[in-house]
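Chains as they are written, first to last, in our numbering: chain W, 2 to 203; chain D, 10 to 337.
Beta carbons are placed, not taken as given, at the ideal position from N, Cα and C, and that holds for glycine.
All values derive from a computational prediction rather than experimental measurement.
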């Protein structure tokens, strides 16, 4: 099962819902990996909205698993990309030419949801009007508060910053602007005292 | 000490002003310009803000809100445009008939309940009649900032189209005027269809127009955060009623032609307020006990709150019935 229920946390931590069809002129759906299942669930009850939908899908390590069934939803446009970064120029192009009434649906990992939400916000959609549904990995996109470097797909706490090498504690403190959680040096007061990393939510 | 003025009394801080110009625009609308009586510049205001003008009408204090329509970058003057309402409670008539250049008045610091959302990529203004006033300030502001805007202005006739000619002449490609008497109307659906992502729409005009814009944008999938409206309600006359104010320990009578808020003020109760038009929420008052029917007219409380009778907005709402006890 691709669903995970996040425990309650601080107000900064994003919360996700369940995708629902919204009235609109056009629909932009962006998903990665198991996020495809959220789009398939949406399509099961509301096949009509795919007639004017643009679906952007990044399979990550799900390979061919979902591509066929997503194509069967028969979206107006369907793009499968090798990575989120590779899909960014397309996302920006779609948003820059879009009109009011566009509905945005995001599904999959927190990293994808956060970054795509940021693109939509910059294009002028208020974040409260962007739907999102978490599916699949609970890996996080983390920013090192010391060197500002971003480490993708963090699955343990603490973890090693991929830029400066510090051992960072995984916080729930989130930045919508950076689309990242904040990582703070875990041994700042007692250098060298680094707890054994544990899997997030284990 | 914070920068905000420390409030000791209800309402916003006040400014003494002198009327510097009175300019009739047409049969119904007159522009009044103010200068500060102490010669200082006015405090800066953001476009969309209103001020409350205090009028002493034969011993009776009238407090009426009007949108500031002057250029926000010009702090030597504030201007309002007032439509004469022959069937209203008399505030606009008093301004039209009794106020002339050189007169001294008191107005409040500006309060903005209808601000521009400057994150917007484009600002679409929809004005109905005298609802043009806040857009005059917004347009001046956006022109200076180089912001994208468009105005669709609906008025009764060419003769009653305040500022229509001036705006059309100055911004021919950004302003579209519609005259009711020529059966012209805003083609809202078409207009909404073509708007780029990040557009914000602002509507100021009669209630029907505001409701029309809210429902049409909702059905076209616009986020409600992108739809802004302002409608000042004037308190409506009604049957006199009696209210027990338990904190003040006082029984007061609300007359036919005054609001509950005005009756409290007349009785010396320092009740909170800002907009006096049912929009800002400042005067919200808890009901302790009631036996009768509320006549809610505000935009502040939601439908449930209107139904359960636990709160009232004394600036515009009334009561009919046996007894009403308020926590004031």
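Contacting positions in the region 188-209 of chain D - beta carbon closer than 8 Å to chain W:
201, 202, 203, 204, 205, 206, 207, 208
What residues in the region 213-228 of chain D bring their beta carbon closer than 7 Å to a beta carbon of chain W?
228
Residues of chain D with CB under 7 Å from residue 157 of chain W, in chain order?
Proximity of chain D to residue 157 of chain W at the Cβ level (cut-off 7 Å) is not reached, the minimal Cβ distance being about 37 Å.
Determine the extent of the beta strand (DSSP E) in which residue 115 of chain W is found, giving its start and end residues.
Taken as a continuous stretch (DSSP letters only), residue 115 of chain W belongs to no beta strand (DSSP E), being part of the alpha helix (DSSP H) at 111-123.
Closest Cβ-Cβ distance between residue 130 of chain D and chain W: below 8 Å?
yes
Please classify residue 173 of chain D as buried or exposed, where buried requires at least 16 other C-beta atoms within 10 Å of its C-beta.
buried
Rounded C-alpha distance that separates residue 1 of chain W from residue 119 of chain W:
Residue 1 of chain W is absent from the model: chain W starts at 2 and stops at 203.
Pop quiz: residue 246 of chain D and residue 234 of chain D are said to be a contact at Cβ under 8 Å. What is the actual Cβ separation, rounded to whole angstroms?
About 36 Å separates the two Cβ atoms, so there is no contact after all.
Rounded to the nearest angstrom, how far is the Cβ of residue 1 of chain W from that of residue 156 of chain W, given a contact under 8 Å?
Residue 1 of chain W is absent from the structure shown; chain W starts at 2 and stops at 203.
According to DSSP, is residue 77 of chain D helix, strand or coil?
coil
Rounded straight-line distance, which links the Cα of residue 287 of chain D to that of residue 322 of chain D
7 Å
Contact set between residue 124 of chain W and chain D, taken where Cβ atoms lie within less than 7 Å
What residue 124 of chain W touches in chain D: 206, 207.
Using a Cβ-Cβ cut-off of 8 Å (strictly less than) and excluding sequence neighbours within five positions of residue 77 of chain W, which residues of its own chain qualify?
Closer than 8 Å at the Cβ level, and outside the excluded window around residue 77 of chain W, lie 51, 52, 53, 54, 55.
Along chain D, which residues have their Cβ under 7 Å away from the Cβ of residue 99 of chain W?
206
Express the C-alpha separation of residue 19 of chain W and residue 136 of chain D in angstroms, rounding to a whole number.
Their backbone Cα atoms lie some 38 Å apart in a straight line.
Can residue 45 of chain D and residue 24 of chain D be called in contact, C-beta distance under 8 Å?
yes
Rounded Cβ spacing between residue 185 of chain D and residue 150 of chain D (contact assumed at less than 8 Å):
The Cβ separation is near 20 Å, so there is no contact.
So within the region 142-194 of chain D, which uninterrupted alpha helix (DSSP H) runs reach at least 4 residues, ignoring any that extend past its ends?
142-154, 173-179
Are three or more beta carbon pairs between the region 75-88 of chain D and the region 182-191 of chain W nearer than 8 Å?
no
Please tell me whether residue 52 of chain W has its Cβ less than 8 Å away from any Cβ of chain D.
no
Any idea what DSSP makes of residue 156 of chain W, helix, strand or coil?
coil
Name, going along the chain, the residues of the region 172-192 of chain W whose beta-carbon falls closer than 9 Å to a beta-carbon of chain D.
none
CB contact check: residue 253 of chain D to chain W, cutoff 8 Å
no
Only counting runs of 3 or more residues, tell me where the beta strand (DSSP E) segments fall wholly within the region 216-290 of chain D, in order along the chain.
Counting whole runs of 3 or more residues, the region 216-290 of chain D contains the beta strand (DSSP E) stretches 236-239, 250-254, 259-263.
Please state whether DSSP places residue 322 of chain D in a helix, a strand or coil.
coil
C-alpha distance - residue 176 of chain W paired with residue 22 of chain D, whole-angstrom precision:
For the pair residue 176 of chain W and residue 22 of chain D, the Cα-to-Cα distance works out to about 38 Å.
Inter-residue CB distance, residue 336 of chain D and residue 297 of chain D (contact presumed, cutoff 8 Å)
5 Å
Assuming residue 365 of chain D and residue 212 of chain D form a contact by the criterion Cβ under 8 Å, report the distance between their Cβ atoms to the nearest whole angstrom.
It is not possible to answer for residue 365 of chain D, since the shown part of chain D is limited to 10 through 337.
Does any residue of chain W have a CB that is nearer than 8 Å to the CB of residue 232 of chain D?
yes
Residue 52 of chain D to residue 148 of chain D, Cα distance in whole Å?
19 Å
Identify the contact partners of residue 6 of chain D in chain W, using a Cβ-Cβ distance below 9 Å as the criterion.
As shown, chain D starts at 10 and ends at 337. That puts residue 6 of chain D outside it, with no answer to give.
Is it true that the CB of residue 108 of chain W sits closer than 8 Å to the CB of residue 36 of chain W?
With respect to the 8 Å criterion, residue 36 of chain W and residue 108 of chain W are classified as neighbours on the basis of their beta carbons.
Going by DSSP in three states, residue 185 of chain W sits in which element: helix, strand or coil?
strand
Return the bridge partner residues of residue 25 of chain D from the DSSP annotation.
D:115
Given residue 39 of chain D, which residues of its chain have a CB within under 8 Å of its CB, disregarding the five upstream and five downstream residues?
31, 32, 33, 90, 91, 93, 104, 105
Would a check of beta-carbon distances place residue 26 of chain W closer than 8 Å to chain D?
True, the Cβ-Cβ gap to chain D drops below 8 Å.
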